[in-house]
Amino acid sequence: MTEVPTAGVGARQFLPIDISGVDPERLILWLGEMLLIREFESRLDGLSMSGKIPGGLHLSIGQEAVAVGIAAGIQPQDLLACSHRSHHHALAKGLAPRSLMAELFGKATGCRGGRGGSMHLADASVGFLGGNGIVGAGLGIAMGASLASKMRGMDQVGVGLFGDGGANTGRTWEFVNIASVWKLPLIIVCENNMYAVETPSERLTGGGSVSRRAEGFGLPVHTVDGQDVVSMYRATTAARDRAARGDGPTFIEARTYRYEGHSTGQIINYRTTEEVDEWRSTRDPIQRLRIALQAAGRLDDEVFDEMVLRARATVQDAVAFADESPLPDPISATRDVTGLELGLGNAR
Amino acid sequence: MTPVTYSQAFQQGMREEMQRNDSIFVLGTDLLDRGGHFGQVLGLGKEFGAERIRDMPISEAAMVAAGVGAALNGMRPVVDLNFIDFSFGAMDEIVNQAAKMRYMFGTPIPLVIRGTSGVALYAAQHNNSLESVFAHMPGLLVATPSTPADTKGLLKSALRGEDPVIFMMHKKLSGTRGEVGGDEDLVQFGRAAIRRGGSDVTIVGYSQIVFKAMEAAKTLAESGIEAEVIDLRTVMPLDIETVAESVRKTGRLVAVTEEPLFGSIASEVAASIQENVFDWLSAPVVRVGAKHAPIAHSPTLFEAVLPQAADIDRAARDLVARGQ
Ligand SMILES: Cc1ncc(C[n+]2csc(CCOP(=O)(O)OP(=O)(O)O)c2C)c(N)n1
Ligand SMILES: [Mg+2]
Chain A
47 MTEVPTAGVG ARQFLPIDIS GVDPERLILW LGEMLLIREF ESRLDGLSMS GKIPGGLHLS
107 IGQEAVAVGI AAGIQPQDLL ACSHRSHHHA LAKGLAPRSL MAELFGKATG CRGGRGGSMH
167 LADASVGFLG GNGIVGAGLG IAMGASLASK MRGMDQVGVG LFGDGGANTG RTWEFVNIAS
227 VWKLPLIIVC ENNMYAVETP SERLTGGGSV SRRAEGFGLP VHTVDGQDVV SMYRATTAAR
287 DRAARGDGPT FIEARTYRYE GHSTGQIINY RTTEEVDEWR STRDPIQRLR IALQAAGRLD
347 DEVFDEMVLR ARATVQDAVA FADESPLPDP ISATRDVTGL ELGLGNAR
Chain B
7 MTPVTYSQAF QQGMREEMQR NDSIFVLGTD LLDRGGHFGQ VLGLGKEFGA ERIRDMPISE
67 AAMVAAGVGA ALNGMRPVVD LNFIDFSFGA MDEIVNQAAK MRYMFGTPIP LVIRGTSGVA
127 LYAAQHNNSL ESVFAHMPGL LVATPSTPAD TKGLLKSALR GEDPVIFMMH KKLSGTRGEV
187 GGDEDLVQFG RAAIRRGGSD VTIVGYSQIV FKAMEAAKTL AESGIEAEVI DLRTVMPLDI
247 ETVAESVRKT GRLVAVTEEP LFGSIASEVA ASIQENVFDW LSAPVVRVGA KHAPIAHSPT
307 LFEAVLPQAA DIDRAARDLV ARGQ
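Chains as they are written, first to last, in this note's numbering: chain A, 47 to 394; chain B, 7 to 330.
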């Protein structure tokens, strides 16, 4: 990775990104999506602390470009499954902010009617197969879905995501192996934000890096700057083309960073503030795209400020919607457990 | 003595036993610096170092496998699975390896597998009730303490015993306080505790639901119904004799559990009691448990699935009315 000047925060510069050859209109769209994710996520800490949202949440602030770049590089019919850190992928794949916020509130109008919550968001209508409470499990679901796409002869690709922590659970590599052997139309993405809860993954990951490990499975492996939405987009597009040609899966390790704690309401003392500052002030995915667009004469401060306000308004609308929405009917808690009526007296 | 929390009780028990026995060590995620996700080994990293408070990656199968192998070769591992739900990824190592080694090969496996259990927030995949699943598997012991004292005392017994123990600590109890015993105060496995005496109806449960049973006993007492509340403390072994003894006196039993009722510990207790003390029963045994559904995110939904104190109260009242 590129060296960064260390003469104090003020002296730092954002690392440049290469936007050549990409339609500026699309870039502006992606910038808007990243802003929406950031504004959305930034509201959640307070909502969780005040009890509006039951329980803690895994925020994706800092990781916006991974989600937006992937979503931009695939097609609407493609299917994506991810981990417990899922809000950014849900939004990027097209889950409506209202529907997501109401789900977090545990309301009837949420995408899963209040059943799922933060780790179990899903919306089949936009190809979002779901987040997951079990580390590594999302990749397996996407792998199986891509098997079906292949068997049914569909122009459809699966995307399965896991974290650097997920790279240390055995099931992950079972999935990679099968995808490779069967040449499944799957894009495998390790969202490496360097920490699994409070453990620096470097300390417990043998073999040099996640990418080095993946190379042993005989599929193309790319280590990508996850703070550059355009790099993520390019890597994903190439992976999708390959999958659609029938040539099999691609492994992408996206190097990224979460600005906040593992989940809401946590005190961080396992990493330095300098480290966080460095990521924020040299690699922030929103600022880097903004600067690139400005340099190309495609964006001015006024328009950017408007975009921020628009994102904020969308989030405010989602919060108001969630707040006003009704709670689910308690009677419904035992419905739809199985397709077959079990006769266990649940209906009472 | 000053009261300590349920999590601190575990930590105290660990500390005392680790000081006493060099072969005890802990494996799991975020233990060394953070002290575990519930503070259950807080401070032990500093005291015992990284060799004995061993941080693991998120590799549950490897955690338990390491524990089984080390246990049969002279060590006493404690595997901290964080949430008990993550045992699914190590089920073979627990059920097919740890549980059966003694029987198959004659090698005892002194292994403690700790997991945070019970139902609270975080939805379906973090709220599986697995006590009856583990209790069903020959070779495993299952501890389900409801108080800090039992947590510490049962942990000590587990760490001085010879068997693989699934040590289940309820989420909602982490911060509850109570007095704990000293260095040599062990709580034996398979000994239920009578939390409240009564002669009209017996209510039996374990872990957090015991508090709901106590609440019900209170409202029942206001109507002149005296309930005897029994806390099983371990569900394997299961102290059916203490329950039977009580039922011989009261003639009525409400078996409660937070698990879905089908195939639950409450079902086992009910079957055992009607087999063994049928002649003393003045009404059929009643079970109160969770409805047959996963745990939703929204509290509105999951509270509707869980058994509440009011359900226990109602069941007990019905029994008393029937058995007059
Ligand atoms: C099988 C399993 N083990 C443990 C956990 C608890 N847990 C939830 S998130 C997490 C850390 C995951 O780290 P990583 O994969 O790097 O994802 P990140 O949180 O950094 O996005 C852990 C240990 C879990 N949910 N599932
Ligand atoms: Mg991580």
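Beta carbons are placed, not taken as given, at the ideal position from N, Cα and C, and that holds for glycine.
In its own chain, which residues sit with a C-beta less than 8 Å from the C-beta of A:Asp-293, not counting the 5 before and 5 after it? Cβ neighbours of A:Asp-293 within its own chain (closer than 8 Å, five residues either side excluded): Lys-229.
How is B:Val-292 classed by DSSP in three states: helix, strand or coil? Look at B:Val-292 here: in three-state DSSP terms it is strand.
Cβ-heavy atom distance, A:Asn-223 to ligand 1, below 7 Å: A:Asn-223 Cβ: outside cutoff for every heavy atom of ligand 1.
Per DSSP, which residues does A:Asp-467 bridge with? Please list them. Shown here, chain A extends from 47 to 394; a query on residue 467 of chain A therefore has no answer.
A:Thr-52: buried (16+ other C-beta within 10 angstroms of its C-beta) or exposed? Bear in mind that the predicted position of A:Thr-52 carries a pLDDT of just 43, short of 50, making it too unreliable to give a figure here.
Check each candidate in A:Phe-174, A:Met-278, A:Leu-105 and A:Gly-160 and name the one with the smallest Cα separation from B:Ala-130. Closest by alpha carbon: A:Gly-160.
Whole-angstrom distance between A:Gly-211 and A:Arg-259, CA atom to CA atom: Their Cα atoms are separated by approximately 14 Å.
Residues in the stretch 19-51 of chain B with C-beta within 7 Å of chain A's C-beta atoms, listed in sequence order? If the cut-off is 7 Å between Cβ atoms, the stretch 19-51 of chain B has Thr-35, Asp-36, Asp-39 and Arg-40 near chain A.
Indicate whether at least one CB of chain B lies closer than 8 Å to the CB of A:Asn-238. The beta-carbon of A:Asn-238 is placed no less than 8 Å from the nearest beta-carbon of chain B.
Residues in its own chain within less than 6 Å of B:Asp-169 by CB, not counting five upstream and five downstream? Around B:Asp-169: Leu-147.
For B:Val-101, I'd like the list of residues in its chain whose CB is within less than 7 Å of its CB, leaving aside the five on either flank, ordered along the chain. In its chain, beyond the 5 residues on either side, Met-143 have a beta carbon closer than 7 Å to the beta carbon of B:Val-101.
Output needed in chain order: residues of the stretch 219-244 of chain A with a Cβ under 7 Å from some Cβ in chain B. Cβ contacts with chain B come from Ala-242, Val-243 and Glu-244.
Taking 8 Å as the threshold (beta carbon to beta carbon), is A:Ala-379 in contact with chain B? Cβ-Cβ to chain B under 8 Å: yes for A:Ala-379.
Run through chain A and tell me which residues come within less than 8 Å of B:Gly-121, C-beta to C-beta. When 8 Å is used as the limit between beta carbons, B:Gly-121 is near no residue of chain A, the shortest such separation being about 14 Å.
Taking all protein chains shown into account, do 16 or more other C-beta atoms lie within 10 angstroms of the C-beta of A:Lys-139, making it buried, or fewer, making it exposed? Under this definition A:Lys-139 is a buried residue.
What residues match up with B:Leu-259 in a beta bridge as DSSP calls it? According to DSSP, which records beta bridges pairwise, B:Leu-259 is partnered with B:Thr-208.
Buried or exposed: where does A:Val-55 fall if 16 or more other Cβ atoms within 10 Å of its Cβ makes it buried? A caution first: A:Val-55 carries a pLDDT of 45, below 50, which makes its placement in the model too unreliable to give a value.
Does A:Gly-307 come within less than 8 Å of chain B when only Cβ atoms are used? No, A:Gly-307 does not count as interfacial toward chain B.
By a C-beta neighbour count over all protein chains shown, 10 Å radius and 16 as the cutoff for buried, is B:Ser-138 buried or exposed? Per the 10 Å Cβ criterion, buried.
Would A:Arg-358 pass as an interface residue toward chain B - the criterion being a Cβ-Cβ separation below 8 Å? So, not an interface residue.
Give a yes or no on whether the minimum CB-CB distance between B:His-176 and chain A is below 8 Å. B:His-176 does not count as touching chain A.
For the beta strand (DSSP E) containing A:Ile-268, name the first residue and the last one. Before going further, note that residue 268 of chain A is His rather than Ile in the sequence given. Under the DSSP assignment, A:His-268 falls in the beta strand (DSSP E) whose first and last residues are 267-271.
When you compare each of A:Tyr-316, A:Met-147 and A:Gly-152 to A:Thr-360 by their alpha carbons, which one comes out closest? The shortest C-alpha separation from A:Thr-360 is found at A:Met-147.
In whole angstroms, what separates the C-alpha of A:Pro-374 from that of B:Lys-162? Their backbone Cα atoms lie some 44 Å apart in a straight line.
Rounded straight-line distance, which links the Cα of B:Ile-215 to that of A:Gly-252: C-alpha separation (whole angstroms): 43 Å.
Can you find a CB in chain E that lies within less than 8 Å of the CB of B:Val-85? Here the protein chains are A and B, and chain E is not one of them.
Which residues of the stretch 123-136 of chain B have a Cβ closer than 7 Å to any Cβ of chain A? Give them in chain order. For the stretch 123-136 of chain B, which is checked against every Cβ of chain A, the residues closer than 7 Å are Leu-127, Tyr-128, Ala-129, Ala-130, Gln-131 and His-132.
At least one CB of chain B closer than 8 Å to the CB of A:Tyr-316: is that the case? Taking Cβ atoms only, chain B reaches closer than 8 Å to A:Tyr-316, which makes this a yes.
3-residue-minimum beta strand (DSSP E) runs that sit fully inside the stretch 256-301 of chain A, ordered along the chain: Here the runs fully enclosed are 267-271 and 296-301.
May I ask whether a heavy atom of ligand 2 can be found less than 7 Å away from the beta carbon of A:Tyr-241? Yes.
Under 8 Å from the C-beta of B:Leu-307: neighbouring residues of chain A: For B:Leu-307, the chain A residues whose C-beta falls within less than 8 Å of its own C-beta are Gly-152, Gly-160, Arg-161, Pro-374, Pro-376, Ser-378 and Ala-379, listed in chain order.
Partner residues on chain B for A:Met-147, Cβ-Cβ distance less than 9 Å: Listed along chain B is no residue with a C-beta nearer than 9 Å to that of A:Met-147; the closest approach is about 13 Å.
Say yes only if the C-beta of A:Thr-255 is nearer than 7 Å to one or more non-hydrogen atoms of ligand 2, and no if none qualify. Checking the sequence, you will find Ser at residue 255 of chain A rather than Thr. Not so, every heavy atom of ligand 2 lies at least 7 Å from the Cβ.
Selection of the stretch 89-113 of chain A by Cβ proximity to chain B, strictly under 7 Å: Within the stretch 89-113 of chain A, the residues whose Cβ lies closer than 7 Å to some Cβ of chain B are Pro-100 and Gly-101, listed in chain order.
Would the C-beta of B:Gln-13 count as close to ligand 1, meaning under 7 Å from any of its heavy atoms? This sequence places Ser at residue 13 of chain B; Gln is not what is there. It does not: the Cβ of B:Ser-13 is nowhere closer than 7 Å to a heavy atom of ligand 1.
Whose C-beta lies closer than 6 Å to the C-beta of A:Glu-49 among residues of the same chain, with five residues either side of it excluded? A caution first: A:Glu-49 carries a pLDDT of 42, below 50, which makes its placement in the model unreliable, though a value can still be read off. Taken in chain order, the list of residues that qualify is empty.
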